[in-house]
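Be aware that the sequence shown starts at 527, since it is given in the numbering used here, and climbs by one per residue.
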Amino acid sequence: MTPTERAVLEPDGTAPADAPRLRLGVADYLTLGNALCGFLAVWALAAAQSAHAASGVGGPLPKAAMATVVGLMLVAAALDVLDGRVARKLGGSGMGAELDNLADVVSFGFAPAFFFVVWGVFSGGPAALPVVAGGAVLLAVIVRLARFSCQAPGATYFTGLPCPFGAMAVVTVVLMDPPLYAGVSAVLLISWLMVSRMEYPKPRGRKIYAVLGSLATGVALMAAWGVGLPAGDVLIYLMSAVVLGFIVTIPFYVLATRRSAGR
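Laid out in structure tokens, this is it:
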């Protein structure tokens with residue numbers, strides 16, 4: 527019997543009147559959409575890898591294929607932001623938190639890990655290195671989600687880098703196409719940030735719209751890059767640098783702000 531079942535059953539085996547609703551709500555469908563986007567990203571990547579290998583052409587995957595994969599991950603991240611907001615507005619089901627964690631493992635754990643492994647295999651070098659780094663991403667996401675489930679609600683900060691941001695950071699490493707050892711080192715650092723005790727502020731209020739706007743901008747940039755529009759490469763590199771810079775510097779900004787407030 528699962529913890530949820532134990533929570534919703536009376537000693538005589540009947541459900542109490544205040545038992546959580548175990549039917550899908552609107553927010554749950556957004557969460558399932560998140561998981562579906564993660565699955566489609568993996569499928570698109572596997573199909574592109576197979577076609578690329580069958581063609582006999584060396585080098586990285588075509589831009590259009592990579593843009594499709596990253597675009598699906600960005601849509602998954604947007605749905606992950608929206609489902610929580612919809613649940614607060616319309617109410618959620620008793621399965622909401624569990625569904626959210628399961629969907630995040632697919633979209634922000636397995637999908638970016640597989641993306642990095644495919645990139646590492648095509649970049650040459652020891653094949654074990656990208657597999658180790660990809661495995662670190664997946665395990666970090668699982669541990670972070672489990673820890674998040676055990677924390678008290680209402681906190682204004684995330685402990686450790688949130689999974690969607692971690693996934694986007696892994697994606698930006700791939701898009702920047704660094705040397706293999708540099709890419710592996712960066713992804714291992716990202717994995718550590720996700721399970722670290724560093725604090726990241728939760729987007730609330732209007733900041734949520736800023737996050738959604740950033741994700742929409744990312745999808746548009748990926749589409750422009752994928753079809754080969756002028757300056758597409760420059761925009762992608764700038765976006766990647768901003769994302770990585772944000773992820774690394776925000777915890778230190780939070781610490782500096784707290785120290786200033788404590789004086």
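The C-beta atom is built at its ideal place from N, Cα and C for all residues, glycine as well.
Computed from a predicted model, the values in this text were never measured in an experiment.
Once you ignore the five residues that flank residue i on each side, which residues in its own chain have a CB closer than 6 angstroms to its CB?
i: G832; result: This structure cannot settle anything about residue 832, because the visible part of the chain is limited to 527 through 789.
i: L587; result: A574 and H578
i: A603; result: P690 and L741
i: T530; result: Confidence in T530 is poor, its pLDDT being 47 and thus under 50, which makes the residue's placement too unreliable to answer from.
i: M527; result: Residue confidence for M527 is low, a pLDDT of 39 falling below 50, so the modelled location carries little weight; the figure read from the coordinates is stated next. Answer for M527: no residue qualifies.
i: L705; result: The residue you asked about is not Leu; residue 705 is Pro in the sequence shown. So no residue of the chain qualifies.
Return the first residue and the last residue of the alpha helix (DSSP H) that residue i is part of.
i: P690; result: C689 to M702
i: Q575; result: V552 to S581
i: R614; result: K589 to L616
Apply the 10 Å Cβ neighbour rule to residue i and answer buried if 16 or more other Cβ atoms are within range, or exposed otherwise.
i: S633; result: buried
i: R517; result: With the chain covering only 527 through 789, there is no way to say anything about residue 517.
i: F791; result: The requested residue 791 does not occur in the structure, where the chain is confined to residues 527 to 789.
i: P656; result: buried
i: V769; result: buried
i: G584; result: exposed
i: L781; result: exposed
i: S581; result: exposed
i: R532; result: Only weak support exists for where R532 lies, its pLDDT of 46 falling under 50; the value from the coordinates is given anyway. Burial call: exposed.
i: D609; result: buried
Hey, out of the options, whose CA is closest to residue i's CA?
i: A520; options: G597, Q575 and A757; result: Because the chain in this structure spans residues 527 to 789, residue 520 falls outside the shown range and cannot be described.
i: P688; options: S722, L556 and L781; result: S722
i: S649; options: A757, A570 and D703; result: D703
i: A623; options: L616, K615 and S675; result: S675
i: D630; options: L616, L600, K615 and R614; result: L600
i: I773; options: V644, R549 and M694; result: M694
i: G771; options: L550, G692, R673 and G651; result: G692
i: L558; options: A666, K615, M724 and L628; result: L628
i: W645; options: G754, I762 and Y707; result: Y707
Report back the beta-carbon spacing between residue i and residue j to the nearest angstrom; my notes put them in contact at under 8 angstroms.
i: V568; j: F636; result: 7 angstroms
i: M765; j: G744; result: 7 angstroms
Considering just the uninterrupted stretch of the beta strand (DSSP E) at residue i, what are its terminal residues?
i: P810; result: Given that the chain is displayed from residue 527 to residue 789, the structure contains no residue 810 and the question cannot be resolved.
i: F684; result: Y683 to T685
Keeping to the same chain, check which residues put their C-beta closer than 8 angstroms to that of residue i; ignore five residues upstream and five downstream.
i: F642; result: P656, A659, G660, V663, V696, V699, V700, G709 and V713
i: Q677; result: T685
Short of 7 angstroms in beta carbon distance, which residues of its chain neighbour residue i, apart from the five on each side in sequence? Order them along the chain.
i: F565; result: V632
i: T682; result: P727 and K728
i: V612; result: V552, A553 and L556
i: I776; result: Y726
i: L550; result: S619
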